[in-house]
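Student: Start counting the sequence shown at 24; every next residue gets the next number (the numbering used here). The structure's right below; bear with me while I get my questions together.
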Amino acid sequence: MFWTPILIGLVVLYFILTRLFIIVEMREEVIQERLGKFKKNLKPGFHFLVPFVDRPAYRREMREQVLDVPSQTCITKDNIEVAVDGLVYIKVMDAYKASYGISNYQAAAINLAQTTMRSEVGKITLDDTFSEREKMNENIVREIDKAADPWGIKVLRYEIKNIRPSNEIVDTMEKQMEAEREKRAEITHSEGFRQARINESEGEQRSQVLLSEGARQKRINEAVGKAKEIELIATATANGINRIAEAMKKPGGELAVKTKLVEQYINQFGQILKQSNISVLPTETANLKTFFEGVGKVSDHTKSNESKEGK
């Protein structure tokens, strides 16, 4: 019986002390109400309260908060179901609005992120959902932040964690990717074959051009050589004729030239007779041959008569 009043006194004292003052931590703000009405925002530190008159109505976390957005089924623009989840990062900017503007700002932010995400996924196709994540995140942040301004919270960013199509769609995508890889391989192979044929034809063409250039240069060189040869022969012949003309002007020069021409004529004529089985003689030579044949016949006839008379 003695300890009962003491215990009751301690409980009352503790109750009064807890209602008399409050300690606000650095990471939060406390909404103070007096007789059920908003009094003020209590900043971090030690604050006194009037017992049974003042009370800490709400404690608001002022640090950045990460809220998990549960997975939900969304329909893409090409009517394919995908399961999408994400993370939304928010921060309380005004503890008063976060307390009196909405009952539960965290649940509101999550639900708003889900509805906005469904809307954004419905605007694009399945293929774009994997390549347009950054754009989707920006659009979701902009829409949520616009709606959350009266709640006193700021949406900092949104991140899509996973986009999971159904198993049938995954199998179809894998087959599509396999077919795409095979097509690219075939295209690469055909491009390589075509390039090889082009290289071969260009090489052959270049080879033919080089051969024709070589043949043309050879003919030019031969023509230049022949022209040079003809020029040298003509020059030598002209020089020889000039010298002969000069020699003929000297005493006895004309006779020497004629003698030389007769000598060359006889030599050439002898060469022709050696190489031919048919005798081809000039008219004068043929007459001489006939003369000598006639003289031979007369001589043979005279000798035969003399032999008869002796007998």
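Glycine included, every Cβ here is placed at the ideal spot set by N, Cα and C.
Output the distance between the C-alpha atoms of residue 294 and residue 227, rounded to the nearest integer angstrom.
Tutor: By one-based count along the sequence shown, residue 294 stands at place 271. By one-based count along the sequence shown, residue 227 stands at place 204. C-alpha separation (whole angstroms): 55 Å.
Student: By the DSSP assignment, the beta strand (DSSP E) with residue 109 in it spans what residues?
Tutor: Within the sequence shown, numbered from 1, the residue matching residue 109 stands at position 86. Segment 104 to 115, the beta strand (DSSP E) holding residue 109.
Student: Let me know the secondary structure DSSP gives residue 48 once reduced to three states.
Tutor: Along the sequence shown, one-based indexing puts residue 48 at 25. Note: residue 48 maps to coil in three-state DSSP.
Student: Relative to the C-alpha of residue 155, which residue among 186, 102, 245 and 169 is closest?
Tutor: Numbered from 1 along the sequence shown, position 132 holds the residue referred to as residue 155. Selected option, being the one with the closest Cα: 186.
Student: Quick check on DSSP: helix, strand or coil for residue 91?
Tutor: Here residue 91 corresponds to residue number 68 of the sequence shown, with the count starting at 1. Of the three classes helix, strand and coil, the one that applies to residue 91 here is strand, per DSSP.
Student: I'd like the list of long-range same chain contacts for residue 57, defined as Cβ closer than 7 Å, with 5 residues on each side in sequence excluded.
Tutor: Taking the sequence shown and counting its residues from 1, the one referred to as residue 57 is at position 34. Around residue 57: 76 and 77.
Student: Determine the direct distance from the alpha carbon of residue 98 to that of residue 111, and round the result to whole angstroms.
Tutor: As a first step, residue 111 must be located in the sequence shown, where it is residue number 88. As a first step, residue 98 must be located in the sequence shown, where it is residue number 75. Distance between the alpha carbons of residue 111 and residue 98: 21 Å.
Student: Fully enclosed by the region 176 to 256, which alpha helix (DSSP H) runs are 4 residues long or longer?
Tutor: With a minimum length of 4 residues, no continuous alpha helix (DSSP H) run stays inside the region 176 to 256.
Student: Can you give me the C-alpha to C-alpha distance between residue 132 and residue 80, rounded to a whole angstrom?
Tutor: For this step, residue 132 is matched to residue 109 along the sequence shown. For this step, residue 80 is matched to residue 57 along the sequence shown. Going by the C-alpha atoms only, they are around 22 Å apart.
Student: Assign residue 140 to one of two classes, buried (16 or more other C-beta atoms within 10 Å of its C-beta) or exposed (fewer than that).
Tutor: The sequence position of residue 140 within the sequence shown is 117, counting from 1. Under this definition residue 140 is a buried residue.
Student: To the nearest angstrom, how far is it from the Cα of residue 287 to the Cα of residue 253?
Tutor: The residue given as residue 287 occupies position 264 in the sequence shown. The residue given as residue 253 occupies position 230 in the sequence shown. Their backbone Cα atoms lie some 24 Å apart in a straight line.
Student: Just to confirm, is the Cβ distance from residue 36 to residue 72 under 8 Å?
Tutor: Mapped onto the sequence shown, residue 36 falls at position 13. Mapped onto the sequence shown, residue 72 falls at position 49. Cβ distance not < 8 Å, so residue 36 and residue 72 don't count as in contact.
Student: Can you check whether the CB of residue 176 is closer than 8 Å to the CB of residue 119?
Tutor: What you label residue 119 is simply residue 96 of the sequence shown in a count that begins at 1. What you label residue 176 is simply residue 153 of the sequence shown in a count that begins at 1. No, the Cβ-Cβ distance between residue 119 and residue 176 is not below 8 Å.
Student: Leaving out five residues before and five after residue 183 in sequence, what residues of the same chain have Cβ atoms less than 7 Å from its Cβ?
Tutor: Here the question's residue 183 lines up with position 160 in the sequence shown. 107, 109, 156, 159 and 160, listed in sequence order.
Student: Tell me the DSSP secondary structure of residue 82 in three-state form.
Tutor: Taking the first residue of the sequence shown as 1, we reach residue 82 at position 59. Looking at residue 82 - three-state DSSP - the assignment turns out to be strand.
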